[in-house]
Structure formats: structure tokens, C-alpha cells
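In what follows, a single structure is set out as C-alpha cells and then discussed.
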Amino acid sequence: MILINCPYCGEREQSEFSNGGEAHVARPKNPEALSDKDWGQYVFYRSNPKGIFYERWVHTHGCRKWFNAVRDTSTDTFLKIYRLDDNRPDISEFKSTLKSPSGEPSVGSGNFAVKK
Amino acid sequence: MSAINNKNCKYISQKEIKITFDGKSYSALDGDTVASALLRNNIRLIGRSFKYHRPRGIYTCGIEEPNALVQILNEHNEPNTRATIKRTYDGINISSQNRWPSLAFDIGSINNILSPIFSAGFYYKTFMGPKGFWKKIYEPLIRRTAGLGKPPKNFRSKSIHQNHNVDILIVGGGLSGLIAARKLIDTNNEVLIIEQDCFLGGILKNSNKVKSIDGKNVFEWVNETEKLILGSKNIKILKNTLVTTYNFTNHLIALEDKFAGKKIDTNKSELTLHKIRTTHTILANGHIERFISFRNNDLPGVMLASSFEKYIERYGVAPDEKPVIFSNNSSTISLVKSLINLGCKPSAYIDSRNKNDIEDETKDYLLKNNIPFYPESEVEGCEGNKKVEKVYIRGSNKEISSINTSMLCPSGGFNPDIHLFTQSKGLVKWDDKIISFKPDTAFQNTITLGSVSGNYEFKNLCNEINKKLSFLKVNDLNLDIETNIRDDFSISELWETKTNKMSKWSKSFIDLHNDVTTKDLKQAINEGYDRIEHLKRYTTNSMGTDQGKISSINSLGIVSKILNKKIEEVGTTTYRPPYAPLSFGAIAGRSTYEYYDPERKTPIHNWHIKNNAVFEDVGQWKRPWYFKKDESESMHQAVQRESKQTRQTAGIIDGSTLGKIEIKGKDALEFMNLMYTNAFTKMKPMTSRYALMLGEDGMIMDDGIVCKINDKHFIATTTSSGAPKVLSHMEEFLQTEWPHLQVFLNSITEQFTTFNISGPKAREIISKVFTDIDFNNEKFPFMTFKTFDYKNTQARIMRASFTGELGYEIYISPKHALELWEQLFNYGKEFNLVPYGTETMHLLRAEKGYVVIGQETDGTVTPLDLNFNWMIGKKKKDFIGKRSLTRSDTAREDRKQLVGVVPIDKSLFIEEGQHIVECENLPNKIKTPIEYLGHISSSYHSPNLNHCISMAMIKNGNKLKGKKLFVSTSKGTKNIPVEVVSPVFIDPENKRLVS
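Taken in order, these protein sequences are the chains called A and B. Letter by letter, the first sequence follows residues 0 to 115 of numbering that gives the first Met the number 0. Letter by letter, the second sequence follows residues 0 to 994 of numbering that gives the first Met the number 0.
Take a look at the structure:
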């Protein structure tokens, strides 16, 4: 089980936390001004990259505080954890570590040895 | 043929114990495993195989055992126990598995004769049709014959979980693990050593390979090391513990058997699941010997060579006096030496390696002891009736000769036990020198030492360990390890020998546990399953409980030959946890039965029990479902009685389970306006409102009553099961979107006990209890509330109703809840005040047309669909979900809308969940889709109207009122004719409600 370093409580087990999906998707200030398409984009669409991902977490069974994290989804490692009022770290801070355990390609998965 | 006792074995006591196998009593020695005890008694037939019911014996001496699975009758009938690791004790009662009527004569072995039809993909090809056969014939048949052991008896596991946080975890207390531990003694690292056996030493106790370490014999050296470790301040040892899982972030799971070799004390925890977090993991978990495929390589009497040696050295029993040894590598000579030391002699030594590759020491030793030696030869196969009787040898001249023997010990080389390493996501690579995969790049902080890293040579061991642990800045340790055999490892590739004689009953197995033959592999490849992951699933190769520990690399070897590829190109299948089976009881730990999920009970719970309540689970809550007047009363009768009585005089329900959230702060009003659809700005203090909460998609999430104490203080109720969800939804928006709002949220669900008394006599009853409060309709109108002191706690009474009757909802401290509840009954007696449960609540609210979130709604319903337009604060600039209500799809007029439905023939009953259609009858066989207009969401027999009333979600329902439609039934093809009506069946003018 992954350990997550809650910025308020410290390292705790993953089971205490809930994932809140993509981070830095601000709720539109004036929803009425948006077209159906733009509003739909906000409500229904989130990115789901393989690699570096900015996402939200909440320490549900702890301090109940929300925070942001940068996680490499291909290796499931947390690269950075920061508070909501901290600035979004630039992507250049993180090495593009598309080093998944079996050296998979950037899209999809599978037994690499067999794919050859 | 008979077993020999090795009296020199130091790991087994000479104390006799009694064991029972298949009803017969045998004597064994204290410390024996089931397998060593049976071998001591010359029992070699242990069970029948999975598919063909072939006779099987003991193949190995450890966790890798594919065959010898037994049932432990006196331990809750525990099935599929590996005889090779299960330790015996006086009185253990064991039975063989998968045979009927007896082990020696098994009817199921007919499958062996029919085996040509049970080839790879048998199930996929055979059980295809005709339609309907699967459920009625095939599945019951397969279920009856599937599995090996019988399920255990019902018992309550007392296993517990234990957590460890250490700096270094050493997996395996063998030679490498002990050397690493010795280096770490009294350093600043907290170290945990885990050993699956009850003795440390690994290969030092399991074989005859190492003679001495630093001049001391191995037994002394291990004892000395153990003493040093136990005397250290920083190292702990867990024995009888198996590491099964290596997760991310150096988190490992190990299972400890607390009663290894002892009768289980059912008052104590029998298993401990250790959860270990560590900074560095040292894997020193060794290697596993693999077998070789040849004709009838499954006969009882075939046993891996190093396992045979382990029985001699570790368990003090040589299973046979003169086995035939068949090897493709240099290690097997130590078995010969072990046998000679006991005064026994192998019948033959067959080595498949080239004459020039075989060590001179080996040749000389065999010659000196006059052991028949077959270099450049192989075993073609073996034969016998339920045991090995004859072994056929293909000599260097390709001629076949035979030899009589009762045991055959093959060795196909060694695989580093990379299971845990690959679980940790480490990469492995092929090593041509040892002909196996070995660890290459670690993905976590993992260090492999000794044979698991592919180093089979003792003279390099200290060097390797010093080098790999140098980063820890600990002193080097150099030991003088003297071996009994040549230290450099040599092996020739051999996966399968060519078979000559072919009878239908002869088979060359690749997976003994699941009865997969080498022929199955070839057939699967011919049928196109040439990718190793497909092949594995199609043939079930290495999918047994042993996970192909002795055979999976062999199957890669055979497949690579067929495909004409290198083994590293074929690749391995994925190693997944657990390493070996562990019981569900251990995983569950204490979270079983009443501890599985907490139960929440209201302060009135015991009163409910005394008054014959039948309970219903609502989330974790236990809520009264209905109250039985007497034993003979049915649920239907009870609900009809409760409903009628409530409308006639008064009824009361325990609503303590309702979620309650307190919203406080300078910006509470603004926050509430954003969270709920309703407009709270103009709402007067001390009034309340039915309120809706939407998701950002415009769909109804929850409902409840919001009480406004003032602009800075609100209390909201939620549905019973929605409380945590609503609170976290509010928290999310407060923290992430509107952190500038000064608002605090607090769950007060359990701080207030709630009950709702309703009915025409409710006012008379409550006036007698709270004599100080004026309950006059003008002074205390609908949807207002009052707070007052009740015995120095603040209580609240609100005029609200979920039945459509005049109703009061009381919020009171749990401390005084029961006495107040009883008081209400005291004063209510003369009016026949009735307690009612959730079922009556549902019925009464349906009569009134009130919706239940999760019953009428399902996450696709907007407030507009329920005709709740009046609840939407249209003048508000924004609230969660507002923009979505005008999306083209949510604004559509022909969405499913809430209507009432009544049967035209009033004697008929409509079932919940049925479809609403336009046709009177359904065809017997539905060939073209039938247009479906909607579904029945709630349906009850109304005692007050005396016919069935239903609520339904129907496409364009608002425009269909007065129309005749049909509702399907579960009974047949004839539909029930119904009329679409308003969903409010009783008191549409709200006269009762506001009276």
C-alpha cells in the first residue's frame, strides 16, 4: 500500500485518503456565460495521462483536508505534494520518468517482451 | 524399498507421536511434516490428481509442492494443505483428497482413460451449446467435480494483524540472510529477519553441500549466529513465517503460523499477518529446484533430488535406500554423498551432461562407490502400478535400457526464487550460465543476495554480500566456507526427454498440479496460443496453488523450442502475490462477523427490540423496519396496521439516523445558497425548508430539511445513508472552490436523537408532554421550529412531516431521548399512538407523493423531472448544478418524469421495478425490442385508499396523465392495465399537513 504524505498530518497509508481527480480545474466564475459545450467540458471531461499527472487528494479518514499532488501514473509514485494555496509546480520540475516497471511504451500496457 | 531413519539429524527429535492418515494410525517423530511422517511409514501414494485422477505422491520437500495436498480433518477440515510444510503433532488427523471411494481405488481415474478428450481448451470447446445447457447441466456437473479438497467446516478464525516499521527486512534466514544479519548486528539499523521454517540455516540444514564455516560445522555456526542475533539490540527474528507479498513502497506482507507443529488452541490467534514497512528489503530467499518432463514423470516415487536430500538432512528420513538419480547439473552429487553417509547407495546415476563437462570429482566418487553411472544419458520414462517400478534410460548410444527401482530423483537445475523480486516490479534477465532468469534491475530498494540473485557459488558469497551492502557502511565479513562438492555450478539445458513408448495412459507432465502435459503446450501453440500469457490461461499451465514453482521456467523452455525463439524472447508470465496461498481468515483478521462492519444503533434501539421491531440495514444503521404486534402478524399486516393508525390518530418514528450537519460562520448564508437549489436569503430565521442538493451535472444528490437559525447558522438534515457523502461534498467545495468563505461544517448526527410524531392527534399528545410550549397552529405553523431547554440541554421541535399529516419533529440530546420517547407513549396511549418503521414511512410518504432519494431518483434525475421547479432559486446567480439544468439534454421536455400510477382493476397489485409499456400483452418470445416508457419506482397497497398506489418515472410523463398504459409483471406475459395520475394520492390540498 502506498504511503501518502499529507501536508497537514504526515505520512499515512493510502487507505486513509480519497482521490479527487484532476487538479487545477477551476469552477467557472460565471457558468451562465458558458456554452453547453464549454460547461460540459468542465463538468464531464478530465485528462487521464500516462506519466505526470496533477491531481487532488483528500485525507478522508484523517484531517479531512484537501491537497494537491503530482503523481507519475505509470509508476504510481508521488513526485510532489503541496497545499491548495501553494502555486502549481511547473512540469519542468519533474523528470519525465516514463519508466514503468517493465519498460512499457507511453500508451497502453502489456508484456513488453512478448510485444517484440 | 523402505525408508531409512537418519539418526544423526539434529533438527528432528526421536520422540514418537501418533498421527492418523485416511483412518489408519501411524507413528511419526516429533518435528515431522505430514510428508516426512508418511515417507517414514513408506506411504508414497498421497492423493489423486486434479483432472485425470492419477495417483500422486510427494514430489518435493517444501512450499513448491504440486501434488501432496491433504485435508486436515481435526483443524476445521482444512483442505489443500501442503503435506510438505504442514508440521505434525500428536493426534493430527489427515486425509487424502480427490478420490472416491478410496485412495487406492478411485472411480474418477476413469478420466485418465478418457484423457484424450480432456486436452487443452477442453472446457472452452466442449461446453459451448446448446443454449441453456450451461446453467442446467454443465455448470452443476463441473461444480460437483471441480476442486481438490472439500470446503472447511464453519469456524471462527482468530487471526490478527501486526504492523512493523523497520529499516531493513531480510527475507530468508538461510546462509546469505544470516551473513547479512551478522554484518548488521548492533548497527543503527532496525532489522527483521523472516524465515519460513522453524530453524534458521536454509541450505545449511537442508543439504549436505556445505561442510564447515570458519572451521565450525554448519550446525554450530548457525547456532552461534542465532545467539549473536538474539543478543543484539537491533535484530528480531520471525520463524514459521512466510513472506507472501511484496507491494509498492517496500511494503511486505508475511504470514506467521503460530501453531506450527502444535495442536491449535482455539482460544488463541492461530495466524498472524505481519504488515511490514521497510526502507531496504534484502531478499535472501534462495532458489527452487525444477523438474524435468519425461514419460510418467508424475508417478508416486518420483521426487526432486534436492528434496530427497532435504528429507535426509532436515527431517532425518531417507525415503528410499536405492533411488535412481537423474540430473542435468553438478549439484546432485551431494545427494549421492548424503546417501552414502547413511550407508545407502543409488541404483544408478544418470547425467545428461556431456562427458567432458561432468566434474572429475563426480566421476571418481561414483566409480569409487561402485554406482552405475550413465553419462550423456537421460530418463526416457518410468512405469509402474501407482508407484515407480521401472525406469527406462536412453544411454549415450541412444539405446534404451531399463532398471528396477522404486524411486527416481530428477533434478532439472535451479531457479532463483524471483517471485518476490518480480512482485516488487523488478526486472529480470536470462542467464545462460545457470539457464534461468535472475534479478536484474530493482524497482524499489531491493537487494538480492545469494542464490536468489543467481549466485550459486559459496566462495563468492561473502564478496557479493559485502559489495551489495557496502552502501550501509557496515564492516566487511569474510568467512571461510568449505563445501562438500565442487563449488562451480555447471548445467546443460534439458526440459523434456523424448518418449519412445506411447500408450494412451502415458503422459509427460509440465504442470503436475493442474494436470497439464507437454502435449497440451504443443497443441495450444498449434491452435494459435503462442503468447505465453495466452498459453498459460488456455492450458491452465502454472495456474495451480503451487503457481508452477518447479515447472514454469520449464514450460518457457519447451515453448521456446517449439517457437524456435530464445527463452528471454518468450518472456515470463506476470508473478502476482501471494507467493503461496494464504487463508482468507488471515487476510480478514479481526474484521469478521460483528466486527466486519460497525453497526450503528439509535438511543432508542433497546426499546425497539422490546417492542418486537424487525430491523432493516440503512447504511450502517439498524432501523426498525416494522413492529410486530404479535408473533403471527405478517409484515404486510403490520405495515397496513401502522399506516392506518397513523392517519387515524398518530404514529411515531425514530428518525435518529437522519444525517445532521451544522453550518456556522460569517458566510454561512452565501455558502448555503451555493450548495442547495433553494433560495435562503429571504427565508425568515427560525423557519425551515425542504431543500435539494444537486451534483454539478444537475442531478439530484440528496435532500433534507434546512433550518435557518440566522444568517450565520444553519442546520441541515440529510438522508440516513447520504450523511457522510453530503458532508464531504460540502467540505470539498468549501476548501477547493470557495476557501474565502468563512464557514465551519460539523457533523451532529449523533449529537441529536430525532423522532417524528405525526397524525391528527399529534398536537394533543405533544402538548401534554411539553406543557410550556404553545402548539397552536398560528403560533407554531408548518415549517417553523422552536428551541427550548430540556433538563439543561438544548432541544428543538420543528413542524415537519414526511407522512402528509400534522407532524412534529423533536431533536433532543441522546441522554434524555429514551425517557422522552416513553413519555410520549404514556400520553399517547389514550390515542393509540403507534410506533412505526421504515416500511410504513415509505408507504405513507408514497400516499402523499413524497419522493425518496435513491428510490425515485437514481443519479439521472433532475429536480425538473420531479416537478420540483418551485424549489429552484432561479433568481440566484449560481448554485451547484444550476448551469446544467439548462443544458440541452436536461432541459428536454420528454425526459422521464415522476407520475402516479394506479391499476384500473383496483384488485390488482403492481410490482416495484416493472416496466411500463404500451402493449396489453408481451409476446412469448421477444424478437423485436418492445418500446419501454419507464419503470415503477415505488409501489404499495394503500390501507387508507384500499388499493395499490405506485409512483413511476415515465418518458414525457407530465403529458400522459389520464392515459391508459400497461405494466409488466413477474408472473407472465399479460400486463396490468393502469392509469397515469398525479403522484399525490392523499390530501393534495395539504389540508391535513398544515392543520
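Quick reminder that beta carbons are idealized off the backbone N, C-alpha and C, glycines included.
Check the DSSP bridge columns for residue i and list the partner residues they point to.
{"i": "Ser-435 of chain B", "result": "B:Asp-430"}
{"i": "Gln-793 of chain B", "result": "B:Asp-788"}
{"i": "Gln-896 of chain B", "result": "B:Ile-953"}
{"i": "Gly-933 of chain B", "result": "B:Ile-915, B:Ile-953"}
{"i": "Ser-452 of chain B", "result": "Note: Ser-452 of chain B sits in no beta bridge, so no partner."}
{"i": "Lys-990 of chain B", "result": "Paired residues: none, contrary to the question."}
{"i": "Glu-360 of chain B", "result": "DSSP lists no partner for Glu-360 of chain B."}
{"i": "Arg-276 of chain B", "result": "B:Asn-164, B:His-250"}
{"i": "Val-983 of chain B", "result": "BP columns for Val-983 of chain B are empty, so no partner."}
{"i": "Phe-52 of chain A", "result": "A:Arg-70"}
Check whether the Cβ atoms of residue i and residue j sit closer than 9 Å, and answer yes or no.
{"i": "Thr-289 of chain B", "j": "Ile-552 of chain B", "result": "First, the amino acid is wrong: residue 289 of chain B is Arg here, not Thr. A contact, by the Cβ cut-off of 9 Å."}
{"i": "Val-966 of chain B", "j": "Val-898 of chain B", "result": "no"}
{"i": "Arg-39 of chain B", "j": "Pro-299 of chain B", "result": "no"}
{"i": "Gly-827 of chain B", "j": "Ile-764 of chain B", "result": "yes"}
{"i": "Glu-379 of chain B", "j": "Arg-393 of chain B", "result": "yes"}
{"i": "Leu-863 of chain B", "j": "Leu-581 of chain B", "result": "no"}
{"i": "Glu-219 of chain B", "j": "Asn-5 of chain B", "result": "no"}
{"i": "Ser-936 of chain B", "j": "Glu-855 of chain B", "result": "yes"}
{"i": "Gly-46 of chain B", "j": "Leu-113 of chain B", "result": "no"}
{"i": "Lys-874 of chain B", "j": "Lys-881 of chain B", "result": "no"}
{"i": "Ile-464 of chain B", "j": "Phe-436 of chain B", "result": "no"}
{"i": "Lys-521 of chain B", "j": "Ile-480 of chain B", "result": "no"}
{"i": "Asp-545 of chain B", "j": "Glu-911 of chain B", "result": "no"}
{"i": "Glu-21 of chain A", "j": "Phe-52 of chain A", "result": "yes"}
{"i": "Leu-932 of chain B", "j": "Ile-953 of chain B", "result": "yes"}
{"i": "Ile-370 of chain B", "j": "Ser-329 of chain B", "result": "no"}
{"i": "Lys-814 of chain B", "j": "Thr-748 of chain B", "result": "no"}
{"i": "Phe-413 of chain B", "j": "Ser-450 of chain B", "result": "yes"}
Quick one: list the residues of chain B neighbouring residue i, beta-carbon separation under 9 Å, in chain order.
{"i": "Glu-31 of chain A", "result": "Lys-876, Asp-877, Lys-881, Arg-882, Thr-885"}
{"i": "Leu-83 of chain A", "result": "Gln-734, Thr-735, Pro-738"}
Check the Cβ of residue i against every Cβ in chain A and list those closer than 7 Å, keeping chain order.
{"i": "His-250 of chain B", "result": "Met-0"}
{"i": "Pro-415 of chain B", "result": "None at all; the shortest Cβ gap to chain A is about 18 Å."}
{"i": "Glu-730 of chain B", "result": "Arg-63"}
Under 8 Å by Cβ, that's how I've got residue i and residue j pegged, so tell me the actual separation to the nearest angstrom.
{"i": "Glu-235 of chain B", "j": "Asn-162 of chain B", "result": "One detail in the question is off: residue 235 of chain B reads as Lys in this sequence, not Glu. The pair is not a contact, with the Cβ atoms about 14 Å apart (cut-off 8 Å)."}
{"i": "Phe-117 of chain B", "j": "Lys-50 of chain B", "result": "6 Å"}
{"i": "Asp-701 of chain B", "j": "Gly-721 of chain B", "result": "4 Å"}
{"i": "Gly-872 of chain B", "j": "Thr-676 of chain B", "result": "6 Å"}
{"i": "Thr-248 of chain B", "j": "Ile-167 of chain B", "result": "With 8 Å as the limit, Thr-248 of chain B and Ile-167 of chain B do not qualify as a contact, their Cβ atoms being about 15 Å apart."}
So which residues of chain B does residue i contact, with C-beta pairs closer than 8 Å?
{"i": "Thr-59 of chain A", "result": "Ser-727"}
{"i": "Trp-38 of chain A", "result": "Arg-882, Ser-883, Arg-886"}
{"i": "Asp-75 of chain A", "result": "Phe-247"}
Who are the neighbours of residue i on chain A, taking C-beta pairs under 9 Å?
{"i": "Glu-77 of chain B", "result": "Simply none; closest approach about 28 Å."}
Find the residues of chain A that neighbour residue i, judging by a C-beta separation of less than 8 Å, and give them in chain order.
{"i": "Asn-1004 of chain B", "result": "Any answer about residue 1004 of chain B is impossible in this case: the structure gives chain B only from 0 up to 994."}
Which chain B residues sit within Cβ distance under 7 Å of residue i?
{"i": "Val-42 of chain A", "result": "Glu-695, Asp-696, Ser-883"}
{"i": "Asp-35 of chain A", "result": "Arg-886, Ser-887"}
{"i": "Arg-26 of chain A", "result": "Glu-736"}
Inside the region 400-427 of chain B only - alpha helix (DSSP H) runs reaching at least 4 residues: Complete alpha helix (DSSP H) runs here, min 4: 418-422.
Contained beta strand (DSSP E) runs [length at least 3] in the region 2-64 of chain B, N- to C-terminal order: Complete beta strand (DSSP E) runs here, min 3: 15-20, 23-28.
Every unbroken beta strand (DSSP E) inside the region 884-928 of chain B [3 residues or more]: Correct list: 895-902, 914-916.
Whole alpha helix (DSSP H) elements within the region 121-187 of chain B, 4-residue minimum: List check, alpha helix (DSSP H) in window: 121-125, 138-144, 174-183.
Minimum length 4: unbroken alpha helix (DSSP H) runs contained in the region 525-593 of chain B: Entirely contained in the region 525-593 of chain B, the alpha helix (DSSP H) runs reaching 4 residues are, in chain order, 531-538, 551-562, 566-569, 583-587.
Unbroken stretches of the beta strand (DSSP E), 3 residues or longer, contained in the region 5-43 of chain A: As far as the region 5-43 of chain A is concerned, its whole beta strand (DSSP E) runs of at least 3 residues are 9-12, 17-21.
Complete alpha helix (DSSP H) runs within the region 626-658 of chain B (minimum length 4 residues, chain order): Here the runs fully enclosed are 634-647.
Runs of beta strand (DSSP E) wholly within the region 188-222 of chain B (minimum 3 residues, chain order): Those beta strand (DSSP E) runs which fall completely within the region 188-222 of chain B and span 3+ residues are 190-193, 209-212.
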